[in-house]
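Line by line, the protein sequences are chains A and B. Quick note, the working numbering runs 1096 ahead of the 1-based positions in the first sequence. Quick note, the working numbering runs 97 ahead of the 1-based positions in the second sequence. Have a look at the structure below before the remarks.
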Amino acid sequence: AQSVSQHNHHVILSEAASLELGCNYSYGGTVNLFWYVQYPGQHLQLLLKYFSGDPLVKGIKGFEAEFIKSKFSFNLRKPSVQWSDTAEYFCAVNADYGGATNKLIFGTGTLLAVQP
Amino acid sequence: DGGITQSPKYLFRKEGQNVTLSCEQNLNHDAMYWYRQDPGQGLRLIYYSQIVNDFQKGDIAEGYSVSREKKESFPLTVTSAQKNPTAFYLCASSIESGNTIYFGEGSWLTVV
């Protein structure tokens, strides 16, 4: 069955540190990839997505992610985090089953705490 | 404003009672979804619907039921058969299945 793995469950960084959150998925076909963010007390919102084209995707607030097909990965990066980036981050994958019903599968999330 | 509205935001129920969570969207989206969020488990798909009058079970459908009689509405009923119903429930929608999903603000259900 299709699955999504986020290996970092809890990350603590100081402001200005660089961030990389890992995401791996287990499906060999065509995929759409997403990163969602949930700030404290707010609803889930889309950070960035990859459907096709340039595997380096830029999102909001300075985040980017790189799709590496050979590694089944879609890691999220930010060169310099801010205290306001404290949130929970979810990787999600939607597989294309050739026209059949597809659905978005989420990872377990990574809680990022940025210390001022 | 366009968006997804879930109600109620907080709900307490006694064990053994069925409860229905409302989800309405005015985005004209065809696809709608219900997820459950538990600490350390991420989001798990309960049910989804690609179009009116059609829905499919997700990964954890046992103890839940849905209906999709109108495009804009996708209510979720948590039945007494659901063994561990206390959770945060998220409704979502997308223009079509496979496209970007947009979420509502969620409903906290506590069963005592």
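Just so it is clear, CB atoms sit at the ideal spot from N, CA and C, and this is done for glycine as well.
Rounded C-beta distance between residue i and residue j? I'm assuming under 8 Å.
i, j, result
"E1162/A", "P1151/A", "6 Å"
"V1210/A", "I1201/A", "Rounded, the Cβ-Cβ distance is 27 Å, inconsistent with contact."
"H1106/A", "L1207/A", "5 Å"
"G195/B", "Q103/B", "With 8 Å as the limit, G195/B and Q103/B do not qualify as a contact, their Cβ atoms being about 23 Å apart."
"L1117/A", "V1177/A", "Wrong, their Cβ atoms sit about 11 Å apart, outside the cutoff."
"Y130/B", "I198/B", "7 Å"
"A1191/A", "Q1134/A", "That pair is no contact at about 23 Å."
"F1186/A", "Y1123/A", "The pair is not a contact, with the Cβ atoms about 17 Å apart (cut-off 8 Å)."
"G1203/A", "G139/B", "6 Å"
"Y161/B", "Y145/B", "The pair is not a contact, with the Cβ atoms about 12 Å apart (cut-off 8 Å)."
Exposed or buried, which one is residue i when buried takes at least 16 other CB atoms within 10 Å?
i, result
"A189/B", "buried"
"K1145/A", "buried"
"T207/B", "exposed"
"H1103/A", "exposed"
"V240/B", "Residue numbering for chain B in the displayed model covers 98 to 209; residue 240/B lies beyond these limits and cannot be assessed."
"D156/B", "exposed"
"F152/B", "buried"
"F109/B", "exposed"
"I101/B", "buried"
"V116/B", "buried"
"Q1138/A", "exposed"
"S1114/A", "exposed"
"A178/B", "exposed"
"G1194/A", "Because the pLDDT of G1194/A is 48, which lies under 50, any placement of that residue in the model is unreliable, and the question is left without a value."
On the three-state DSSP scale, how would you describe residue i?
i, result
"G139/B", "strand"
"D151/B", "strand"
"I1156/A", "helix"
"K1165/A", "helix"
"S164/B", "coil"
"A189/B", "strand"
"S146/B", "strand"
"S1180/A", "helix"
"G1195/A", "Residue placement at G1195/A is flagged as unreliable, the pLDDT there being 47, under the threshold of 50; the coordinate-derived value follows with that caveat. Coil."
"I157/B", "coil"
"I198/B", "coil"
"Q1141/A", "strand"
"L124/B", "coil"
For chain C, is any of its Cβ atoms less than 8 Å away from the one on residue i?
i, result
"Y145/B", "This model lacks chain C altogether; the protein chains it does include are A and B."
Report the rounded CA-to-CA distance for residue i versus residue j, giving the unit in angstroms.
i, j, result
"E169/B", "L1129/A", "26 Å"
"S1101/A", "G1205/A", "9 Å"
"E1184/A", "E166/B", "34 Å"
"Y107/B", "S204/B", "6 Å"
"T174/B", "Q122/B", "17 Å"
"P136/B", "L142/B", "15 Å"
"A128/B", "Q1141/A", "17 Å"
"G113/B", "Y132/B", "21 Å"
"S1180/A", "E1160/A", "17 Å"
"G1112/A", "I1164/A", "For the sequence presented, residue 1112/A should be read as Ala rather than Gly. A1112/A and I1164/A: Cα-Cα distance of roughly 26 Å."
"N1120/A", "G1149/A", "19 Å"
"K1167/A", "L1143/A", "22 Å"
"P1136/A", "C120/B", "22 Å"
"P1212/A", "G1158/A", "18 Å"
"V1127/A", "V149/B", "25 Å"
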